[in-house]
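Here the protein sequences come in this chain order: W and V. The numbering used here numbers the first residue of the first sequence as 837 and each following residue consecutively. The numbering used here numbers the first residue of the second sequence as 141 and each following residue consecutively. First the structure, in the form of structure tokens, and then the observations on it.
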Amino acid sequence: MNRNQNVTLIVVIVAGVFLAIRAATGEFGKVYTRTETVEFTPEVQEQVGDSVKPWTIEKPVDRAEIRDAQGQLRADVHLNIQRTLGLWLAALGTLCILSFLIGDNVFYKLAEAVVVGASAAYAMIVGFWTGIVQNLFGKLMPGVMRETVLPGIPESNTAEYVYIIPLIFSVMMLWRLAPVGGWISRWPLAFFIGATAGIRLVEYLDADFVQQIAATIIPLIVVAADGSIDYAASLKNSLIVVSVLSCLVYFFFSFEHRGVMGVTARVGIWVLMITFGAGFGMTVMGRIALISDRFNFLFYEWLWLPKPG
Amino acid sequence: MGDFFTNLDRRWIFLGMGIVVALPMLLGLSFPEEPSDMVRDVFAAVDTLPEGSNILMAYDYDPATKGELEPMAAAFTRHCAKKKHKLYFITLWPAAVPMLRQNIDILESEFGDDYTYGENYVNLGFRPGNEGVIKVVVTDLKELYGNDVNGQDLQKIPMTRNLKNIQQMDLIVNVSAGTPGAKEWVQYAASKYEIKMVAGVTGVGAPALYPYVPAQLTGLLGAIKAAAEYEQTLIDAYPEFAENPATNEALRRMGPQLIAHIYIVALIILGNCIYFTDKRRGAAR
């Protein structure tokens, strides 16, 4: 066996022994739930009518509340098999992804493929339901949709035929999949690109150009309400103005970066480096937050280790 | 010694990181947080609104960033509920629908007596179209949202019946993991229509959004550190939250953060020492 295989074997054995000890010393890896009914207040129910009836949901129960003082399972609490299965899948998926730290392996590949496939399918289904069913067909054929999948559509809604245009565009876009006439999909695509570019240009000009310039026109010496100079605010404002100007000079290539231009551009580089450093530091913080969240899940939701405090 | 570190298998570094994150968590190490001015501004934006104000809870994050943003979103939800604001949940991310559900669970389990669906909160769910959705709902909400996430007609829901567009909101609270997110809400809604807005974002995204503060964005929470400060501010203002362990989720995560950061700083210093020692050795040869 090579070194990678040895490391993997040791990790698997240690994890297996730990799980065996954990199983022998108490419960873990289960989800208990309580069935609760959700209903509107009488006033709201009267307004929404009979189209929406009270429904039930499964609420997870904290592990401290699962059993009574005698150690018996509470009457209104039950083991939820589906969620328990989901918990184990999530735990094993997390471990499979973390196994990449040892080296690329089949478990990581499997988990990666599941994540990609499930995410894509989920986004497609949610997009289809909300975009095509609710927005497009719900507007084009409110009567049919009310009778079939969207009972909440009011009787007063009538067909809005302007939505035939996006329907035609959608069909044209899908034409790309046809063996002939793929060029047809370029027309709606051209429309989307043009419209999006136009909309974004206007919003960018306002929010990121005009208003950002306005935010940089600030007093370099800030006078407090009592007439004294607020040195902290003055320093902050001066730093903002100097940083913006020096960074702009750094990206100004019409003149050679020598003399005053060179010094200012060098200050600009320093400002940029400090910004990148801050960004890197924040990224590290974010990544540690993610791993601590996963550990939190593994330790307390899956393994049921005792929570400190 | 230098050769040992130069040839060190990087998996030892990973193991070390695992230990420095796991140990403080298992031991329950946490440290007091002193809220920054920025966090106080965000808190004040929610807290100073009169009871029952309309707040758009735009939560644009998915399970991939849940670890970083969920404590922040939950703190916003609890704070808004404590102030008895009317909450309109919405998202531009398809995978964020379960995230909205988790925040609604907080309302139902912790504030159930004060919060009734349709009267105090509504879940508008997701609509495809990225920033195009903001562009539409900022002038005509019902053009895109004819019904809520359950398919219920918005005309029949009391709190949305007279809602024309999101300009009627007193505040936008956005928790964002990327695009579309805080930047787009600023560009297409807050900045153009002068709607007050606060945001909470990932560490990666925060530096790019700070320039919007304070003119276009009232305040910004960056990463788990700001979430912990927000939780601390919430507990200081409303001590009853201290009894709920779920309220200090970000505070609990700051123990592992501190130790892990010390570990990383130590590694950076060690790496630089080895680099310069090797360089000097090479020059001497």
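No residue lacks a Cβ here, since even glycine has one placed at the ideal position from N, Cα and C.
Query - Selection from W:I1001, W:G1034, W:V1046 and W:A1043 that minimises the alpha carbon distance to P1024 (chain W) - result: On the first sequence, residue 1024 (chain W) is found 188 positions in, with the first residue counted as 1. The residue with the shortest Cα to Cα distance from P1024 (chain W) is W:I1001.
Query - Three CB pairs or more closer than 8 Å across the segment 992-1008 of chain W and the segment 964-983 of chain W - result: yes
Requested in this report: Please confirm if D1129 (chain W) has its CB atom under 7 Å from at least one CB of chain V.
Outcome: Counted from its first residue, the first sequence places residue 1129 (chain W) at position 293. Taking Cβ atoms only, chain V reaches closer than 7 Å to D1129 (chain W), which makes this a yes.
Query raised in the report: CA-CA distance, W1138 (chain W) and G929 (chain W)?
Result: Within the first sequence, numbered from 1, the residue matching residue 1138 (chain W) stands at position 302. Within the first sequence, numbered from 1, the residue matching residue 929 (chain W) stands at position 93. Between W1138 (chain W) and G929 (chain W), the C-alpha separation is close to 12 Å.
Requested in this report: State yes or no: is the C-beta of S1090 (chain W) nearer than 6 Å to some heavy atom of the ligand GDP?
Outcome: As presented, the structure is devoid of all ligands, the ligand GDP included, so that no description of it is given.
Requested in this report: At 7 Å on the CB atoms, spell out the chain V contacts of M1121 (chain W), in chain order.
Outcome: For this step, residue 1121 (chain W) is matched to residue 285 along the first sequence. In chain order: G343, A363, I364, K365 and Q397.
Query - Interface partners of Q1047 (chain W) on chain V, CB under 9 Å - result: Residue numbering aside, residue 1047 (chain W) sits at position 211 when the first sequence is read from its first letter. Going along chain V in sequence order, the residues near Q1047 (chain W) (Cβ under 9 Å) are S331, Y352, A355 and Q356.
Query raised in the report: Would M1118 (chain W) count as contacting chain V if we go by Cβ distances under 7 Å?
Result: As a position in the first sequence, residue 1118 (chain W) is number 282, starting the count at 1. M1118 (chain W) counts as touching chain V.
Query raised in the report: Taking Cβ positions, are L169 (chain V) and G395 (chain V) nearer each other than 7 Å?
Result: For the purposes of this step, residue 169 (chain V) is taken as the residue at position 29 of the second sequence. For the purposes of this step, residue 395 (chain V) is taken as the residue at position 255 of the second sequence. Against a cut-off of 7 Å, the Cβ pair of G395 (chain V) and L169 (chain V) comes out as a contact.
Query raised in the report: Nearest to A213 (chain V) by CA position, among V:T205, V:Y199 and V:E259, is which residue?
Result: Stepping through the second sequence from its first residue, residue 213 (chain V) is reached at position 73. Here the closest residue by C-alpha is V:Y199.
**Report entry** For N314 (chain V), three-class secondary structure by DSSP
**Finding:** Here residue 314 (chain V) refers to the residue found at position 174 when the second sequence is read from its first residue. Strand at N314 (chain V).
Query raised in the report: Is there a Cβ from chain W that is less than 7 Å from the Cβ of A236 (chain V)?
Result: The residue you call residue 236 (chain V) lines up with position 96 of the second sequence. Not one chain W Cβ lies under 7 Å of A236 (chain V).
Query raised in the report: Under a three-way DSSP split, which group does N290 (chain V) fall into?
Result: Position 150 of the second sequence holds residue 290 (chain V). Note: N290 (chain V) maps to coil in three-state DSSP.
Query raised in the report: Using a Cβ-Cβ cut-off of 7 Å (strictly less than) and excluding sequence neighbours within five positions of A947 (chain W), which residues of its own chain qualify?
Result: Looking up residue 947 (chain W) in the first sequence gives position 111. Excluding sequence neighbours, A947 (chain W) sits near G929, C932 and I933.
Report task. Compare the C-alpha of F1151 (chain W) against each of W:P1144, W:P990, W:L1013 and W:S1021 and name the closest. Result -> Past the boundaries of the shown model lies residue 1151 (chain W); chain W is included only from 837 to 1145, so the question cannot be answered.
Query raised in the report: Name the residues in the segment 386-414 of chain V whose C-beta lies less than 7 Å from a C-beta of chain W; which are they?
Result: R393, P396, Q397, A400 and I404
Query - Proximal residues, the segment 959-980 of chain W versus chain V, C-beta separation under 7 Å - result: A959, V962, G963, T966, G967, Q970, N971 and G974
Query raised in the report: Can you tell me where the alpha helix (DSSP H) with W152 (chain V) in it begins and where it stops?
Result: As a position in the second sequence, residue 152 (chain V) is number 12, starting the count at 1. Residues R150 to L167.
Query - Backbone secondary structure at M337 (chain V) - three-state DSSP - result: Residue 337 (chain V) sits at position 197 when you count from the first residue of the second sequence. The answer is strand: DSSP assigns M337 (chain V) an E or B state.
Report task. Just the chain W side, please: which residues come within less than 8 Å of V161 (chain V) by C-beta, in chain order? Result -> Here residue 161 (chain V) refers to the residue found at position 21 when the second sequence is read from its first residue. Under the 8 Å cutoff, chain W gives I1124, I1127, S1128 and F1131.
Report task. Decide if the segment 221-240 of chain V is in contact with the segment 252-267 of chain V; the criterion is three or more beta carbon pairs, one per stretch, under 8 Å apart. Result -> yes
Query raised in the report: How would you write the range of the beta strand (DSSP E) that D200 (chain V) sits in, first residue to last?
Result: Residue mapping note: residue 200 (chain V) aligns to position 60 of the second sequence, counting from 1. Looking at the DSSP string, the run of the beta strand (DSSP E) that includes D200 (chain V) is N194 to D200.
Query raised in the report: How would you write the range of the beta strand (DSSP E) that K226 (chain V) sits in, first residue to last?
Result: As a position in the second sequence, residue 226 (chain V) is number 86, starting the count at 1. Counting along the chain, the beta strand (DSSP E) containing K226 (chain V) begins and ends at K226 to T231.
Query raised in the report: By Cβ distance, which residues of its chain are closer than 7 Å to I246 (chain V), with the 5 residues on each side in sequence left out?
Result: Position 106 of the second sequence, counting from 1, holds the residue named residue 246 (chain V). Result list for I246 (chain V): A214, T217 and R218, in chain order.
Query - Helix, strand or coil at H1093 (chain W) according to DSSP, with G and I counted as helix - result: Along the first sequence, one-based indexing puts residue 1093 (chain W) at 257. If DSSP states are grouped into helix, strand and coil, H1093 (chain W) belongs with coil.
Query raised in the report: Terminal residues of the continuous beta strand (DSSP E) containing R1012 (chain W)?
Result: Against the first sequence, residue 1012 (chain W) aligns to sequence position 176. Run containing R1012 (chain W): none; DSSP gives neither H nor E here.
**Report entry** Inside the segment 1041-1104 of chain W only - alpha helix (DSSP H) runs reaching at least 4 residues
**Finding:** 1047-1052 and 1067-1086
Report task. Taking only beta carbons into account, state which residues of the segment 277-289 of chain V come closer than 7 Å to chain W, listed in chain order. Result -> L284, G286 and N287
Query - Q918 (chain W) versus I961 (chain W): straight-line alpha-carbon distance, rounded - result: Sequence index remark: in the first sequence, residue 918 (chain W) carries index 82 (1-based). Sequence index remark: in the first sequence, residue 961 (chain W) carries index 125 (1-based). Their Cα atoms are separated by approximately 21 Å.
Query raised in the report: What does a CB cutoff of less than 6 Å around A1069 (chain W) pick up in its chain, not counting 5 residues either side in sequence?
Result: On the first sequence, residue 1069 (chain W) is found 233 positions in, with the first residue counted as 1. Taken in chain order, the residues that qualify are V1058.
Query raised in the report: Which stretch, first to last residue, makes up the beta strand (DSSP E) that contains L360 (chain V)?
Result: The residue labelled residue 360 (chain V) in the question sits at position 220 within the second sequence. From DSSP, the beta strand (DSSP E) with L360 (chain V) extends over G359 to G362.
Query - 7 Å Cβ cutoff met for G343 (chain V) and M1121 (chain W) - result: Taking the first residue of the second sequence as position 1, residue 343 (chain V) is located at position 203. Taking the first residue of the first sequence as position 1, residue 1121 (chain W) is located at position 285. Yes, the Cβ-Cβ distance between G343 (chain V) and M1121 (chain W) is below 7 Å.
Query - Collapsed DSSP secondary structure at Y378 (chain V) in the structure displayed - result: By one-based count along the second sequence, residue 378 (chain V) stands at place 238. In this structure, Y378 (chain V) counts as coil in the three-state DSSP scheme.
Requested in this report: Determine, using beta carbons only, whether E208 (chain V) comes closer than 7 Å to chain W.
Outcome: Residue numbering aside, residue 208 (chain V) sits at position 68 when the second sequence is read from its first letter. It does; some Cβ of chain W falls within 7 Å.
Query - Beta carbon proximity, V326 (chain V) to chain W, threshold 7 Å - result: Taking the second sequence and counting its residues from 1, one reaches residue 326 (chain V) at position 186. At least one chain W Cβ lies under 7 Å of V326 (chain V).
Report task. Report the three-state DSSP secondary structure of G988 (chain W) (helix, strand or coil). Result -> Sequence index remark: in the first sequence, residue 988 (chain W) carries index 152 (1-based). Coil at G988 (chain W), not helix or strand.
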